[in-house]
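As structure tokens, the structure follows; a few thoughts come after it.
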Amino acid sequence: MGLSDIGGWALHLQHKYNFHEGILQKGSGTNIYLKYKPLVVTTLMGTGSPRPLECPDCNGPAAAGRALLAPKSLAAGPDGALYVADHNLIRRIGADGTVTTLLQLK
Numbered sequence: 000m001g002l003s004d005i006g007g008w009a010l011h012l013q014h015k016y017n018f019h020e021g022i023l024q025k026g027s028g029t030n031i032y033l034k035y036k037p038l039v040v041t042t043l044m045g046t047g048s049p050r051p052l053e054c055p056d057c058n059g060p061a062a063a064g065r066a067l068l069a070p071k072s073l074a075a076g077p078d079g080a081l082y083v084a085d086h087n088l089i090r091r092i093g094a095d096g097t098v099t100t101l102l103q104l105k
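First residue of the sequence shown? That's 0 in numbering that gives the first Met the number 0, and the numbers climb one at a time after it.
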């Protein structure tokens with residue numbers, strides 16, 4: 000696994016991103032015109048109300064669960080999961096949409 004592995008997709012030496020034109024030039028000779036793709040923002044987690052500081056029921060489906068309290072950092076795993084530092088919790092949002100609390104700081 001290389002350093003650029005992001006959510007199951009990786010940049011490769013044979014791929015080149017032309018950020019001025021918004022074109023991903025793939026090593027196979029095909030181009031992806033990202034400049035013309037629609038910008039999409041979706042809700043990944045929560046119903047809109049912040050979670051309480053102590054949150055024993057925060058695990059489970061991301062869409063039905065509580066939102067974040069105070070997100071500080073975000074990282075993507077090679078398996079498509081997102082890792083969120085949320086005030087006193089480190090949480091994993093799996094590619095299947097399941098939230099798991101990995102660590103709670105006191």
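The C-beta atom is built at its ideal place from N, Cα and C for all residues, glycine as well. On a predicted model such as this, the values are computed, not experimentally measured, just so you know.
Handout entry: 8 angstroms Cβ cutoff, tyrosine 32 in contact with chain C
Key = Included in the structure is just one protein chain, with no chain C present.
Handout entry: For alanine 63 and lysine 71, believed in contact at Cβ under 8 angstroms, the rounded distance
Key = Against the sequence shown, residue 71 aligns to sequence position 72. Against the sequence shown, residue 63 aligns to sequence position 64. Not a contact, Cβ separation roughly 23 angstroms.
Practice task
Could you check which residue in Thr97, Asn58, Lys25, Gly28 has the C-alpha nearest to that of alanine 80?
Solution key: For this step, residue 80 is matched to residue 81 along the sequence shown. Cα-wise, what sits closest to alanine 80 is Thr97.
Handout entry: Sequence ranges, alpha helix (DSSP H) only - wholly within the stretch 13 to 56, length at least 4
Key = none
Exercise for the section: Kindly indicate which three-state DSSP category alanine 75 falls into: helix, strand or coil? Expected result: Looking up residue 75 in the sequence shown gives position 76. Note: alanine 75 maps to strand in three-state DSSP.
Handout entry: Other residues of its chain near histidine 86: CB distance less than 6 angstroms, five sequence neighbours each side excluded
Key = Taking the first residue of the sequence shown as 1, we reach residue 86 at position 87. Only Leu68, Ala69 meet the Cβ criterion.
Problem - Alpha-carbon spacing of leucine 100 relative to leucine 38, whole angstroms - result: In the sequence shown, counting from the first residue as 1, residue 100 sits at position 101. In the sequence shown, counting from the first residue as 1, residue 38 sits at position 39. It is worth fixing the name first, because residue 100 is threonine in this sequence and not leucine. If you take the alpha carbons of threonine 100 and leucine 38, they lie about 30 angstroms apart.
Exercise for the section: Helix, strand or coil for arginine 91, going by three-state DSSP, please let me know. Expected result: Within the sequence shown, residue 91 is the residue found at index 92, counting from 1. Of the three classes helix, strand and coil, the one that applies to arginine 91 here is strand, per DSSP.
Exercise for the section: Enumerate in chain order the residues of its own chain whose CB-to-CB distance from proline 49 is below 6 angstroms, with the five nearest sequence positions on each side excluded. Expected result: Residue mapping note: residue 49 aligns to position 50 of the sequence shown, counting from 1. Ala66, Leu68.
Practice task
Answer yes or no: do isoleucine 89 and leucine 102 have a C-beta to C-beta separation smaller than 8 angstroms?
Solution key: As a position in the sequence shown, residue 89 is number 90, starting the count at 1. As a position in the sequence shown, residue 102 is number 103, starting the count at 1. In contact: isoleucine 89 and leucine 102 (Cβ atoms closer than 8 angstroms).
Problem - Cα-Cα separation, proline 60 to glycine 47 - result: In the sequence shown, residue 60 corresponds to position 61, counting from 1. In the sequence shown, residue 47 corresponds to position 48, counting from 1. Cα to Cα, the separation comes out at about 14 angstroms.
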